[in-house]
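Asks:
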Amino acid sequence: RKREQKQKRTQTPNPRKMLTNNGESKSAMQVLLYVPNLIGYARVVCTICSLVIMTLFPENWELATILYIASFVGDLFDGAAARFFNQCSEFGGLLDMVTDRCSTLGLLHVLSFEYGDDPNYRILFLLLIILDVSSHWCQMFSTCSMQQHHKSNTGNGGRFFLVRWYYKNYYFFGYCCVGTEFTYIVLYMMSRLALGGNKYASLSILLRNVLMCVGPACIVKQIVNIFQLLSACYAVAENDAKTKSQ
Numbered sequence: 004r005k006r007e008q009k010q011k012r013t014q015t016p017n018p019r020k021m022l023t024n025n026g027e028s029k030s031a032m033q034v035l036l037y038v039p040n041l042i043g044y045a046r047v048v049c050t051i052c053s054l055v056i057m058t059l060f061p062e063n064w065e066l067a068t069i070l071y072i073a074s075f076v077g078d079l080f081d082g083a084a085a086r087f088f089n090q091c092s093e094f095g096g097l098l099d100m101v102t103d104r105c106s107t108l109g110l111l112h113v114l115s116f117e118y119g120d121d122p123n124y125r126i127l128f129l130l131l132i133i134l135d136v137s138s139h140w141c142q143m144f145s146t147c148s149m150q151q152h153h154k155s156n157t158g159n160g161g162r163f164f165l166v167r168w169y170y171k172n173y174y175f176f177g178y179c180c181v182g183t184e185f186t187y188i189v190l191y192m193m194s195r196l197a198l199g200g201n202k203y204a205s206l207s208i209l210l211r212n213v214l215m216c217v218g219p220a221c222i223v224k225q226i227v228n229i230f231q232l233l234s235a236c237y238a239v240a241e242n243d244a245k246t247k248s249q
């Protein structure tokens with residue numbers, strides 16, 4: 004009996020380890036130290052530092068902007084690193100998504116104070132925060148409940164055509180995401196430059212031109228978010244109806 008118990012203990016898998024596609028055993032600590040996840044941690048640090056500087060040391064807005072852009076650019080490299088090193092992981096996807104959402108929401112919060120003299124702007128940024136959180140949360144919940152990836156064609160089957168196109172067309176997806184982030188970044192920089200008078204006149208003109216290019220992407224992204232929210236809620240209700248009918 005002791006021998007059988009010993010064999011069972013040796014055969015029981017370690018819950019702290021997982022098997023890779025090659026059958027190689029990996030521990031949770033090794034996953035946490037994946038190269039793309041290290042890039043993700045660096046993004047978190049850059050985001051937090053940039054938002055703290057924007058809030059407490061606004062005179063250093065140049066450094067804050069550089070750190071925020073660095074965090075955003077890091078999003079392009081963590082996915083590439085995951086594929087290059089064959090280190091894709093659920094944790095990495097979670098870290099990436101949380102960092103993206105918190106970065107955007109943090110900057111919107113800063114903008115609500117930068118343009119706080121006008122209550123209409125404060126309401127606008129507040130609504131953008133609510134829409135961003137609700138649309139992405141409902142999209143994740145609706146697809147995860149069907150055990151599908153939130154960007155997959157299967158997970159978005161039956162959704163509004165604009166939502167399907169958004170996740171299917173890489174260039175449209177990139178234009179909306181990049182354009183939205185740079186719209187917020189440009190708005191922050193323009194707010195800071197306005198305090199400098201004519202000192203940054205040429206840069207202000209440049210930023211206005213940039214805003215004309217990226218602003219439409221931000222508007223389209225909000226429209227996508229609205230239909231993403233509605234489509235996700237309908238998908239959850241539809242799944243409930245099917246479950247109740249069985």
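The sequence shown stops at residue 249 when you use the numbering used here, and every number in between is there.
Where is the CB? At the ideal position from N, CA and C, for every residue including glycine.
Excluding the 5 residues preceding and the 5 following Val250 in the sequence, name in chain order all residues of the same chain whose CB lies nearer than 6 Å to its CB.
Replies: There is simply no residue 250 to check, as the chain begins at 4 and stops at 249 in what is shown.
Asks: Which full runs of the alpha helix (DSSP H) of 4+ residues lie inside the segment 91-166, going along the chain?
Replies: Counting only runs of 4 or more, we get 93-117, 122-148.
Asks: Do Asn40 and Phe94 have their beta-carbon atoms positioned less than 8 Å apart in this structure?
Replies: Position 91 of the sequence shown, counted from the start, is the residue given in the question as residue 94. Position 37 of the sequence shown, counted from the start, is the residue given in the question as residue 40. Yes, the Cβ-Cβ distance between Phe94 and Asn40 is below 8 Å.
Asks: Report buried or exposed for Cys216, applying the criterion of at least 16 other Cβ atoms within 10 angstroms of its Cβ.
Replies: Counting from one through the sequence shown, the residue named residue 216 turns up at place 213. Result: exposed.
Asks: Using three-state DSSP, classify Leu36 as helix, strand or coil.
Replies: Mapped onto the sequence shown, residue 36 falls at position 33. The answer is coil: DSSP assigns Leu36 none of H, G, I, E or B.
Asks: Considering only their Cβ atoms, is the gap separating Ala84 from Ile3 smaller than 8 Å?
Replies: No answer is possible for residue 3: the residues shown for the chain start at 4 and end at 249.
Asks: To the nearest angstrom, report how far apart Gly160 and Gly177 are at their CA atoms.
Replies: Within the sequence shown, numbered from 1, the residue matching residue 160 stands at position 157. Within the sequence shown, numbered from 1, the residue matching residue 177 stands at position 174. Each residue's alpha carbon lies about 21 Å from the other.
Asks: Alpha carbon to alpha carbon, what distance is there between Tyr44 and Asp78?
Replies: Counting from 1 along the sequence shown, the entry for residue 78 is found at position 75. Counting from 1 along the sequence shown, the entry for residue 44 is found at position 41. Each residue's alpha carbon lies about 11 Å from the other.
Asks: With 8 Å set as the bound, which would you pick, yes or no: does the beta-carbon of Leu214 sit closer than that to a beta-carbon of chain B?
Replies: Protein chains in the displayed structure number just one, and chain B is not present.
Asks: Can you look up Phe185 in the DSSP assignment and give me helix, strand or coil?
Replies: Position 182 of the sequence shown holds residue 185. Phe185: helix per DSSP, three-state reduction.
Asks: For Gly218 and Thr246, which I take to be in contact (beta-carbon distance under 8 Å), what is that distance rounded to the nearest angstrom?
Replies: Reading the sequence shown from its first residue, position 215 is the one you call residue 218. Reading the sequence shown from its first residue, position 243 is the one you call residue 246. In fact, because the Cβ distance is near 43 Å, the residues do not count as touching under 8 Å.
Asks: Does the contact criterion of 3 or more C-beta pairs under 8 Å hold for the segment 113-132 versus the segment 180-195?
Replies: Touching, yes.
Asks: Could you check if Ala31 is buried or exposed, using at least 16 other CB atoms within 10 Å of its CB as the buried criterion?
Replies: Counted from its first residue, the sequence shown places residue 31 at position 28. Flag for Ala31 reads exposed.
Asks: In its own chain, which residues sit with a C-beta less than 8 Å from the C-beta of Leu134, not counting the 5 before and 5 after it?
Replies: In the sequence shown, the residue the question calls residue 134 occupies position 131. Cβ within range, chain order: Gln225, Asn228, Ile229, Leu232.
Asks: Between which residues of its own chain and Lys154 is the CB-CB distance below 8 Å, once the five residues before and five after are set aside?
Replies: Within the sequence shown, residue 154 is the residue found at index 151, counting from 1. Around Lys154: Tyr170.
Asks: Hey, Met57 and Val113: beta-carbon distance below 8 Å or not?
Replies: Within the sequence shown, residue 57 is the residue found at index 54, counting from 1. Within the sequence shown, residue 113 is the residue found at index 110, counting from 1. Result yes, Cβ atoms of Met57 and Val113 sit closer than 8 Å.
Asks: Hey, Leu110 and Tyr71 are a contact pair by Cβ (cut 8 Å); roughly how many whole angstroms apart?
Replies: Here residue 110 refers to the residue found at position 107 when the sequence shown is read from its first residue. Here residue 71 refers to the residue found at position 68 when the sequence shown is read from its first residue. Yes, they are in contact, since the Cβ atoms of Leu110 and Tyr71 sit about 7 Å apart, within 8 Å.
Asks: Buried or exposed for Arg86, going by 16 or more other Cβ atoms inside 10 Å?
Replies: Looking up residue 86 in the sequence shown gives position 83. Arg86 is exposed by the Cβ-count criterion.
Asks: Keeping to the same chain, check which residues put their C-beta closer than 6 Å to that of Ala235; ignore five residues upstream and five downstream.
Replies: Along the sequence shown, read from residue 1 onward, the residue named residue 235 stands at position 232. Within the same chain, Ala235 has close Cβ partners Cys141, Gln142, Ser145.
Asks: Run the CB neighbour count on Gly158, radius 10 Å, all protein chains shown included, and call it buried at 16 or more, exposed below.
Replies: What you label residue 158 is simply residue 155 of the sequence shown in a count that begins at 1. Buried, since its Cβ has 16 or more Cβ neighbours within 10 Å.
Asks: Quick one: residues in its chain with C-beta nearer than 6 Å to the C-beta of Phe163, no 5 flanking neighbours on either side, listed in chain order?
Replies: By one-based count along the sequence shown, residue 163 stands at place 160. Around Phe163: Phe230, Ser234.
Asks: Identify the continuous alpha helix (DSSP H) that holds Gly249 and give its terminal residues.
Replies: Counting from 1 along the sequence shown, the entry for residue 249 is found at position 246. For the record, residue 249 in the displayed sequence is Gln; it is not Gly. Segment: none, Gln249 is in no alpha helix (DSSP H) and carries neither H nor E.
Asks: Within a Cβ cutoff of 8 Å, which residues of the same chain sit near Lys5, ignoring the five residues on either side of it in sequence?
Replies: Here residue 5 refers to the residue found at position 2 when the sequence shown is read from its first residue. Because the pLDDT of Lys5 is 48, which lies under 50, any placement of that residue in the model is unreliable, and the question is left without a value.
Asks: Just how far apart, CA to CA, sit Thr50 and Ser106?
Replies: Within the sequence shown, numbered from 1, the residue matching residue 50 stands at position 47. Within the sequence shown, numbered from 1, the residue matching residue 106 stands at position 103. Looking at the two C-alpha atoms, the distance is approximately 6 Å.
Asks: According to DSSP, is Gly199 helix, strand or coil?
Replies: What you label residue 199 is simply residue 196 of the sequence shown in a count that begins at 1. Of the three classes helix, strand and coil, the one that applies to Gly199 here is coil, per DSSP.
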